[in-house]
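Trainee: Mapped onto the numbering used here, the consecutive letters of the sequence shown carry residue numbers -7 to 346. Note that CB positions come from ideal geometry on N, CA and C, so glycine has one too.
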Amino acid sequence: MKPRALKFDLIRITAICMVLFIHVTVVLVLFYHDATFTVANVFNGLGRAGVPLFLLLSGALLLDEDRPFDTKKFYRTSFLSIALLLVGWLLFYASWRAFLLPLLRGKPTDPKHFVTYLLTLKGLYPHLWYLFMLVGAYLAVPFLRLFVKKENKPYILGFILLSVIVGFGATTFGVFTRDADVNVGSFLTKFHFEYATGYLPYLLIGWYLTTFPPKKAMRFVLYGLGLAAALICVFGVQAWVEDIPDIRDYLVEATTLPALLYGVGLFTLICALAGDRETKSPVTRALSRASFGVYILHVVVLDVLVNILLPYKVFGEQYPLWYILTLFVLTAIGSLIVVLPLSKVKGVRKIFHY
């Protein structure tokens, strides 16, 4: 059995739990108010480091200079695998949303939605965007590895800082000027900083944090920024949602400054706590390896629970906390019940791993 870094397994497990909390609460955050919104917003906001953690981890692993890397093999195996997974799961979810789920609910099927889903991922929990993003990121990885070297540390740090300002910073502050005649986003697009925006900076930051682990003083700075960002993800949305309704969507997305800082702070904390220890627990290993499968499959489980078995109105709208926790546990267990056994079947397990 190959040794596995404990910190990376813990990051995967933490990240998938956070993503589940986001999706479990998204309906309550978008369509409810008062106590339901308040409780759901706490879990939704605290889950916003999930995607950043996955992205930071991808950078730490894919750009690691100490890991052997062959470009042809990477495109033939890793890139091709994620591209095929995208196609397969995209067809599955388009079929699920257009035909299978309506049949289970006793409603008419919608062939038009099949095409719409393929083109736009229209509907709740459009989680396959992550696979689209990974395809683009994987295309760029071999090129990034030509530049991402220890000797290029100051240049990479400079690029990261530029990305934080013109990418994450502009997106965040742009939320508050969206309706203005001149807003931050439209102004910065005049400079065409596209090369420093998007999700690739996460890969660089993940590599940087693991290649040059921050010293104690800097770690506590990152912890403080991460904690402040987590509070903004929760209380910022709560405070401004009435004046800026879209803030529940845009302030906490992975391309914003709060999500980035929250993810970086938590990533640094887990790495520091785990150190260089290896995973010894088979349970930890299994949960970590199942994280991608749970990410891919949990929307099916959630669709069945929310639409058929456990709608919020049936459960009791006066118990939002218990509903969220119940839905989280059932979604996680339901996904694992399918993913863990199938991940051991040769040939089948490839649809749950990349």
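List the DSSP bridge partners of E270.
Mentor: A(-3)
Trainee: Give me the Cα-Cα distance between L302 and K141, rounded to the nearest whole angstrom.
Mentor: 51 Å
Trainee: Between which two residues does the alpha helix (DSSP H) harbouring F160 extend?
Mentor: Segment: none, F160 is in no alpha helix (DSSP H) and carries neither H nor E.
Trainee: What are the start and end residues of the alpha helix (DSSP H) that includes H290?
Mentor: Following the DSSP letters along the chain, one finds H290 inside the alpha helix (DSSP H) bounded by residues 283 to 296.
Trainee: Using the C-alpha atoms, what's the distance from I8 back to L334?
Mentor: 19 Å
Trainee: So what's A264 in DSSP terms, helix, strand or just coil?
Mentor: helix
Trainee: Output the boundary residues of the alpha helix (DSSP H) element that contains T63.
Mentor: 63 to 66
Trainee: Going by alpha carbons, who is nearest to K114 out of A86, L131, V16, G98?
Mentor: A86
Trainee: Looking at A188: is its Cβ nearer than 8 Å to the Cβ of L154?
Mentor: A188 places its beta carbon less than 8 Å from that of L154.
Trainee: If you check the beta carbons only, do L55 and L116 fall under 8 Å apart?
Mentor: no
Trainee: I need the straight-line Cα distance from G190 to G161, nearest angstrom please.
Mentor: The alpha-carbon atoms of G190 and G161 are separated by roughly 12 Å.
Trainee: If you measure between the beta carbons of I197 and I262, is that distance less than 8 Å?
Mentor: no
Trainee: May I ask you to report which of helix, strand or coil DSSP gives R211?
Mentor: helix
Trainee: Under 8 Å, do V156 and L180 count as touching if we go by C-beta distance?
Mentor: no
Trainee: Candidates F106, V176, L22, G150: which alpha carbon is nearest G37's?
Mentor: L22
Trainee: Using only CA atoms, which one of E245, L252, L192 lies nearest to L214?
Mentor: L252
Trainee: In or out: K208 buried (at least 16 other Cβ within 10 Å) or exposed?
Mentor: exposed
Trainee: For A282 and L(-2), which I take to be in contact (beta-carbon distance under 8 Å), what is that distance rounded to the nearest angstrom?
Mentor: Not really, about 16 Å apart at Cβ, beyond 8 Å.
Trainee: Taking 7 Å as the cut-off, does the CB of P205 come closer than this to any heavy atom belonging to the ligand ATP?
Mentor: The ligand ATP is absent from the structure shown, which contains no ligand whatsoever.
Trainee: Which residues bound the alpha helix (DSSP H) around F46?
Mentor: 42 to 54
Trainee: Got a sec? Which residues, its chain only, sit under 6 Å from V133 by beta carbon, not counting five neighbours each side?
Mentor: L54
Trainee: DSSP state of A222, grouped into three classes?
Mentor: helix
Trainee: If I measure Cβ to Cβ from V330 and keep anything under 7 Å in the same chain, skipping five residues before and after, which residues do I get?
Mentor: Sequence-distant Cβ neighbours of V330 in its own chain, meaning closer than 7 Å and more than five residues away, are L289.
Trainee: Straight-line CA distance for Q310 to L20?
Mentor: The straight-line gap separating the alpha-carbon atoms of Q310 and L20 is approximately 12 Å.
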